[in-house]
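Written out below as structure tokens is the structure these notes cover.
Chains as they are written, first to last, in my numbering: chain A, 1 to 451; chain B, 452 to 646.
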């Protein structure tokens, strides 16, 4: 089969898989939503007002129109398509940079960083758990980058994400992060994703949004903690390329997975690698992997791999157990649980005075039993999901150990697709790229391209 | 690949086949997983947006609205339902009950003097809120709800709100008064009962 035929077949198969998933998934039922206000008790009767009196009318301005929201989705789609062409077809670093700045201005400063695909993970989690009706536009913001990652890799990260753009612009002098530190810190993103899904699905809080380091930059306002956090991440980004993307971003976990097995992705050169080593230091994000032979010999490698695979279930079980233990404190992030605890403390006369939470509960005039029942229900949810979360953390750590001890041979310099954000910095470092461009301009005769 | 010509003639090894198989399977299952998510969420989604709002029945006027919004001043403002207002001369939302009851700054509850008082007729006074001055603290709301008709209440103003995924005030609200509403019905308004 020809290369083109193979790619086309792959694309058709992936589309079929997505379609099948949609068909199976659409069997769930939507949750209800009701919210009504009662007219308050009238203590003072309405007076007789003069006939010529005209009551002032309070306008209630509508939110941003849905047309504009759909337009945002269109812009995201257009930006992703442009990013794919720029990174894979036109191979233009300048173009990627311009697109990145454009997206920073629009999705960052104009739209003030909301809604973003990273945060939309939480909407989807809460939606899947049945607590929230997800607007289609928010869903599109999450899914478009993922779909693109499955076909062309992490083009969203380089050219469209405003958080990535801030870090990329801040980068002054990239230091090389040692591989062991890179792999270790990279685990935090997986743990952060698990935690975000756990907290959002229970309706407790959207932790990704709360600790978004750059939202205060986009909004030019924010509280002290968030400004300090943003400043710190920005400072680190001056010397470490994209620290948020590499070590924290929960969306990067999903995009990384998609990009690793993507139909195609950005490459240092579309031609053959001549192993000149000129691209070795081109990537500030540690995505370029040098040719390597396995360092350990085959037999010891097999033994340690076998042992690790055997230990994997134990690591997962340990994680799940620890997760279960932490469920009580995790549940404290939920407003209703906090309120129930405050009311219980007040009832047992452990606290003096009434906190806002207790006062709020008293004003509802609902029975305490009801609050405690709801708390128990939530605690059960947290217990089950914290076990899953712990198991996930165990699985992530275990799998990382397994993958690190697998034998890998690499003959060429390659951009590791999971790690590569398709920023295009390495293109110009490759002599083959210069030759390719020269050939296209007609400066070099085709027969001159002998090695 | 450096030795492309050599490789091209070689048959793929078992390892190559296995790797390609695993990659393909992973790609397809990720695709299917993605679709599954889309399908499940499709039923739980809506073409309509969702916006934040305050249920005035649950609000306890703790003043968090003034300080927790990502915007300064807050997107939460006091609105006035004149239809249920009693037009009181001694408005519980306007005057500081503990202080001197004068219309000067020292006698007003509102820390920014955002409530404008105007005489209508006899003992009846009209109250209007200058939204640009209002900081959403809800002190007037507390007074009006405690002793008056409750015509002052807090609402998220959608010309100001940037509609964060997670509203920072909702997170800090002690009474769980923040709700998400369909964008087509973005306010929880107090209306006079139909007579």
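For every residue, glycine included, the Cβ atom is placed at its ideal position computed from N, Cα and C.
Counting pairs of Cβ atoms below 8 Å between the stretch 529–541 of chain B and the stretch 570–588 of chain B, do you hit three or more?
yes
Say whether the stretch 377–387 of chain A touches the stretch 330–345 of chain A, bearing in mind that this needs 3 or more beta-carbon pairs closer than 8 Å, one atom from each stretch.
yes
Within 9 Å of any Cβ in chain A, is that where the Cβ of residue 499(B) sits?
yes
Where residue 235(A) and residue 164(A) are concerned, what is the direct C-alpha to C-alpha distance, given to the nearest angstrom?
14 Å
Report the CB separation of residue 487(B) from residue 24(A) in whole angstroms; it is logged as a contact under 8 Å.
6 Å
Going straight from the alpha carbon of residue 471(B) to that of residue 10(A), what length do you get?
12 Å
Given 8 Å, three or more beta-carbon pairs between the stretch 306–322 of chain A and the stretch 356–369 of chain A
no
Give a yes or no on whether the minimum CB-CB distance between residue 261(A) and chain B is below 9 Å.
yes
Any beta carbon from chain B within less than 9 Å of residue 250(A)'s own beta carbon?
no
Can you give me, in chain order, the residues of the stretch 465–488 of chain B that have a beta carbon less than 7 Å from any beta carbon in chain A?
474, 477, 478, 479, 481, 482, 483, 484, 485, 486, 487 and 488
From what residue to what residue does the beta strand (DSSP E) around residue 503(B) run?
501–505
The stretch 200–216 of chain A touching the stretch 332–346 of chain A, judged by at least three CB pairs closer than 8 Å
yes
How should residue 451(A) be labelled, buried or exposed, when 16 other C-beta atoms within 10 angstroms of its C-beta is the threshold for buried?
Annotation note: pLDDT 47 at residue 451(A) (below 50); position unreliable, coordinate value reported separately. Flag for residue 451(A) reads exposed.
Would you say residue 15(A) reaches chain B, if we count a Cβ-Cβ gap shorter than 9 Å as a contact?
yes
Kindly list, in the order they appear in chain A, the residues whose Cβ is closer than 8 Å to that of residue 579(B).
56
Return yes when the C-beta of residue 285(A) is under 8 Å from any heavy atom of the ligand GTP, and no when it is not.
With respect to the ligand GTP, the structure shown offers nothing to examine, as it has no ligands at all.
Can you name the start and end residues of the alpha helix (DSSP H) that residue 633(B) belongs to?
From DSSP, residue 633(B) is part of no alpha helix (DSSP H) but of the beta strand (DSSP E) over 629–633.
Buried or exposed: residue 254(A), going by 16 or more other Cβ atoms within 10 Å of its Cβ?
buried
Hey, is residue 62(A)'s beta-carbon within less than 9 Å of any beta-carbon in chain B?
yes
What residues in the stretch 605–617 of chain B have a beta carbon less than 8 Å from any beta carbon of chain A?
606, 608, 609, 610, 612, 613, 614, 615, 616 and 617
Distance, residue 251(A) Cα to residue 101(A) Cα
20 Å
Using DSSP with H/G/I as helix, E/B as strand and the rest coil, what is residue 538(B)?
coil
Between the stretch 501–512 of chain B and chain A, which residues of the former have a C-beta closer than 7 Å to a C-beta of the latter?
501, 502, 506, 507, 508 and 511
Roughly how many angstroms separate the alpha carbons of residue 63(A) and residue 502(B), rounded to a whole number?
8 Å
How many angstroms separate the CA atom of residue 44(A) from the CA atom of residue 593(B)?
16 Å
Of the residues 518(B), 641(B), 611(B) and 476(B), which one's Cα is nearest the Cα of residue 61(A)?
611(B)
With distance defined between alpha-carbon atoms, name the residue in 643(B), 639(B), 642(B) and 633(B) nearest to residue 65(A).
633(B)
Going by Cα to Cα distance, which pick from 319(A), 412(A) and 85(A) is closest to residue 159(A)?
85(A)
Entirely enclosed alpha helix (DSSP H) segments - the stretch 225–261 of chain A, minimum 4 residues
243–247 and 250–260
Return helix, strand or coil for residue 49(A), following the three-state DSSP convention.
coil
Tell me the rounded alpha-carbon separation between residue 106(A) and residue 75(A).
10 Å
Got a sec: is the Cβ-Cβ distance from residue 138(A) to anything in chain B below 9 Å?
yes
Pick from 482(B), 469(B) and 463(B): whose alpha carbon is nearest that of residue 17(A)?
482(B)
Cβ of residue 202(A) less than 9 Å from any chain B Cβ?
no
Can you give the beta carbon distance from residue 243(A) to residue 174(A), rounded, assuming they're within the 8 Å contact cut?
Not a contact, Cβ separation roughly 11 Å.
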